[in-house]
Each structure stands twice: as C-alpha cells, then as structure tokens.
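What follows is a single structure, written as structure tokens, with notes after it.
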Amino acid sequence: MSQPVSFLGRAERLLGTDEAEAVGRGVSRFATNRDQAVSAFPVMEELRDRTRTIRLRSLAHLDRLLAEFADRLTEVGGQVHFAADAAEANEIVAGILERTGAKLAVKSKSMVSEEIELNDHLGQMGVRVVETDLGEFIVQLAGDTPSHIIAPVMHWTRQGVGELFTSKLGAEYTDDPGELNEIAREHLRQIFLEADAGISGVNLAVAESGSVVLVTNEGNGRLTTTAPRVHVALMGMERIVANWQDAAVVLEVLARSATGQNLSVYTNVMTGPRRPGDPDGPEELHVVVIDNGRSDILAGPTAEILACIRCGACLNVCPVFRSVGGHGYGTVYSGPMGAIVTPGIFGMEPWWDLPYASTLCGACEEVCPVGIQIPSMLLELRKRAASEGRLPGWLEAGMRRYARTASRPTSWSRAKKWASRLSAPFSSRGWMRRIPGPARGWTDHRDFPRPAKESFAQWWSDNRGS
Ligand code: SF4
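Quick note: the working numbering has the sequence shown finishing at residue 491, numbered continuously throughout.
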C-alpha cells in the first residue's frame, strides 16, 4: 500500500490500530518514568534553565565552536568534514569508505544518517550497512521504519520479533526478551568482528577538547566506534557545546527526560583515533558535520528548535503522537519536535501540515528539558503555511467567516444559539457523537462536547446579584 501523503491520510490509517495503541502504551510508560525521575531529582528545574542557556549560547556561537572543535580534533589526529546538504554528506562518507576499501559497515543509531538516507546511498555503491541498535536492527531486518526516536520498535510485539528472527535469521522461535536479545547479539557479534567501518551518530560534540559523545543503552555504540578500523561519526551541526561543564549538564537532563534513567548505561567519549600504545580504537576517525537546511532554520523564527537534544520527551506527552505514533508523521523526525524540524530540513512541501498535528496543549514545552517554546513555533509555521496559500479552500473560508463572527458580539451570540440548536439532533447527554460535514473526522474517533444551551455570559447576566 502506498504511503498516504498528508498527515491526515496517515493518521486516518493508523488511528485505533494495534500499532498506534502499542506506541501509546509505550510512550505512557516513558512519560511516567520521566515524571518519577524528575520528581526524585530536586535540581531538575535549575538544570533545565541551565541547559536552555547552554544550548542557546551554543547556537549563538555555532561558527566559533565548530571551528574550535575542528581544530582540537585535527590536533589529535581526527578529520572533520563539513557537508552543506544530504548529497554532500553521503558523498563524503562514500568517499571515506571507498578510499579505505570498506565493504561492510556496522552502524549505531543515528537520526541524521536516516535524514540523509545514508544506508540507501551506501547500498547503491556496494557497501553493506548493518544496524546494531537492537531496535534499528529489527526495523532493518523487517524493512520497516522507526516509530519513535528513542525506541524505534515501540510498535512491535515480542511475538512479532520472535517470528521475524525465525524467518530472517533461522532462529528457533522464542518470545522471551532475554533470548531474543541473545539471538541478536550472537548474530551481530560476528558482523562486528568482520566490519571494516563503524558509523555512528553524535549526541554531543565538545568544542574545547574535540571530543564526540555518544550515549547508548546497549553497548553497541562502543563496539561500533572501536572495533572496526575506520569510524565515521555523523552530526547535525547544532550538536555542539563549548566545554565539558556544559556537556555534563546536558547529559544530566538527557537520560532523565528520555527514559527516566539517571544516566544512559553507556556514555562513550571519543577524542581522536587510536594512538600508539592504545589497546583498541579505530585507525581513522572522521566527523561529518551536516548542515542540510539547518543554517536556514537558524536564520528564521524556529531557530530555537536546533537547541533540541533529541530526548523524545515531547513525543511521549503529545496527545496526537500518543494516538497515531511516529509513522503518522511520515518522516524520521516525529512528534512536536519533528513537526518543526521536518519542514525546516525537508521544506514546507509536502510537510506543511505537520505543524497542524498538535492540539497546542503545551505539554511538550512543559516537559522539554531545554524549555523549547514548541507551541509558539508551531503557530509560526502555521502562519507561514497560511500565508503561502497552502490551506484547503474550505478551511480558509471557514476561518475567515469564524473570525468575522467572533469579532462581533451580536453575531457571536447568535451563532452560539444556532450552534446549540443545530447540534441537538447529533447529541446525547451533552456530547455530540457525530458531526456532519468537514468536521466529521473529529467524531470518527472521539466525541465532541455539545455547545451549551446557555452561554456563560447569558448565565451571568441572568444570575448576577442573585
Ligand atoms: S524538543 Fe525538547 S522535549 Fe522534544 S525531543 Fe527536543 S529536547 Fe526533547
């Protein structure tokens, strides 16, 4: 089945499905864990303010910090490459692998590699790329796509994974999580040993030392970055902080916000390739710093979204994400953060409708460890979509009419009375079960409160002084 192009089309396909419900349950667990971790950490609010200051300061000095990072990393033998867009980033990685004769690469989870579709590009030039994060490994084996930035297979059941491992790896069926892990570990161990190159993302780059930091929970990041002879780390150009003090603050809030852990299980720090006498580590370390639309975002009204540390907390509390899951967004970056990042990186066409995938309830901003003002940026993008004439004609005409009515007290009062009368045939016990016309999508999946018979203003006027 071809992928519906609009958010509404994708959402309609997903609403009420087992997949969406599995994601809803998974993110609820994450949100509960996050709440518990935060309430047990009294300095969280203070660190949140500091994280915001650190990240915004990093964005304000991006050019200087990236230059400093490149100088420091070069001093310790690493190589830094700057890519203006996805095509250039892919060419750089392809060039490194070609020069070093790499035919098999292991990869740890990297959103930016998915953003630039690196696996497809390398596949076309004959390099086999194997995902080593368990979730990404399952997604790759199944030919699926991730449904959550932290937990890519949140939409899968362990029974489904058991069947997949039986059909694709020839393993004896089991749905025991420990045994499934063991099957994946055994399969991947040999691939790690044979791999020529390791490809990773970067959670943070530290300018003062030229280090890249990678946090994982599975240890696959450590093997990916140290076992093969070449390590290529991909980072969006905004992933930089000035120094280790700043990095420590960001790491304190990252895992708590993401999964409710105090700290991720593995925090890997890489400062250059293997030195003489080192027992392990790659012979070459390359860091590819990718722009791919970020400079344009930085120059516009949604620049603050580049301060995001990709914890996923805003996804976990978003009522829209909870109802449809990550696949509803049709792209690598989902949820409230993705609704801003995606049109910024990939353009408004066809992603202009993602900023409308929000109730603007503000839960995302409340949990964001960077205090990113997500709802106001969603509104900015909606304003832009409207000014570019992207809204359907019925919606634009309807909103114009609504604005006219709502700004005239007499018309507004008359409209409310009519709304109450017209809704009567579709309502029972104060709720509308079915709304006809363009708004019917609302009641396909939930009820809508019936407009009150008497407005508050009317009630006040009748009852004040009584
Ligand atoms: S916008 Fe905030 S809450 Fe959402 S992923 Fe980024 S840092 Fe986390």
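Glycine included, C-beta positions come from ideal geometry on N, C-alpha and C. Source: prediction; values computed, not measured.
Apart from the five residues just before and just after residue i, which ones in its own chain have a Cβ nearer than 6 Å to its Cβ?
| i | result |
| --- | --- |
| residue 258 | 225, 227, 237, 312 |
| residue 362 | 333, 339 |
| residue 80 | 332, 395 |
| residue 356 | 367 |
| residue 305 | 251 |
| residue 415 | 377 |
| residue 184 | 200 |
| residue 452 | 475 |
| residue 293 | 239, 246, 247 |
| residue 26 | Only weak support is given to the placement of residue 26: the predicted model assigns it a pLDDT of 43, under 50, and the question is left unresolved by the model. |
| residue 114 | 108, 141, 313, 315 |
| residue 326 | 405 |
By Cβ distance, which residues of its chain are closer than 7 Å to residue i, with the 5 residues on each side in sequence left out?
| i | result |
| --- | --- |
| residue 289 | 240, 241, 242, 280 |
| residue 84 | 263, 323, 328, 331, 332 |
| residue 463 | 419 |
| residue 468 | 457, 458, 459, 460 |
| residue 139 | 357 |
| residue 450 | none |
| residue 40 | 348, 349, 470 |
| residue 209 | 159, 162 |
| residue 212 | 194 |
| residue 63 | 69, 281 |
| residue 271 | 79 |
Find out if the Cβ-Cβ distance for the pair residue i, residue j is shorter than 9 Å.
| i | j | result |
| --- | --- | --- |
| residue 406 | residue 370 | no |
| residue 285 | residue 58 | yes |
| residue 267 | residue 82 | yes |
| residue 262 | residue 299 | no |
| residue 73 | residue 394 | yes |
| residue 128 | residue 249 | no |
| residue 274 | residue 341 | no |
| residue 173 | residue 223 | no |
| residue 233 | residue 93 | yes |
| residue 107 | residue 321 | no |
| residue 481 | residue 457 | no |
| residue 459 | residue 465 | yes |
| residue 390 | residue 400 | yes |
| residue 297 | residue 90 | no |
| residue 190 | residue 166 | yes |
| residue 336 | residue 278 | yes |
| residue 353 | residue 382 | yes |
| residue 235 | residue 103 | yes |
| residue 221 | residue 171 | no |
| residue 411 | residue 55 | no |
| residue 112 | residue 122 | no |
Quick one: residues in its chain with C-beta nearer than 8 Å to the C-beta of residue i, no 5 flanking neighbours on either side, listed in chain order?
| i | result |
| --- | --- |
| residue 148 | 154 |
| residue 197 | 191 |
Looking at chain C, is there any beta carbon in it that lies within less than 9 Å of the beta carbon of residue i?
| i | result |
| --- | --- |
| residue 432 | In the structure shown, chain C cannot be found, because there is only a single protein chain. |
inquiry  = Contact between the segment 176-183 and the segment 149-162 is defined here as three or more beta-carbon pairs at a separation below 8 Å; is this criterion met?
reply    = Here the segment 176-183 makes contact with the segment 149-162; the two share three or more CB pairs at distances below 8 Å.
Q.
Using a Cβ distance threshold of 8 Å, determine whether the segment 41-60 contacts the segment 336-349, with at least three qualifying pairs required.
A. The segment 41-60, when compared against the segment 336-349, does touch it at the 8 Å Cβ threshold.
Notebook entry, point to check: Hey, which residues come within less than 5 Å of the ligand SF4, measuring from Cβ to any heavy atom, in chain order?
Noted result: This selection yields 333, 334, 336, 338, 339, 362, 393, 395, 397.
Q) Can you list the alpha helix (DSSP H) stretches of 4 or more residues lying completely in the segment 324-378, in chain order? A) Under the rule that a run must span 4 or more residues, the alpha helix (DSSP H) segments found entirely inside the segment 324-378 read 338-342, 344-349, 360-371, 373-376.
Restricting to runs no shorter than 4 residues, where is the alpha helix (DSSP H) found entirely within the segment 255-336?
Listed in chain order, they are 269-283, 319-323.
Segments assigned alpha helix (DSSP H), at least 4 residues, entirely inside the segment 165-207
Qualifying alpha helix (DSSP H) stretches, in chain order: 183-194.
**Request:** For the segment 370-421, list the beta strand (DSSP E) runs that are entirely contained and at least 3 residues long, ordered along the chain.
**Result:** Within the segment 370-421, no beta strand (DSSP E) run of at least 3 residues lies entirely inside it.
Runs of 4 residues minimum, wholly inside the segment 416-457: which ones carry the alpha helix (DSSP H) assignment?
418-431, 434-448, all fully within the segment 416-457.
4 or more residues per run - each alpha helix (DSSP H) lying fully within the segment 117-151: The qualifying runs are 136-140, 143-149.
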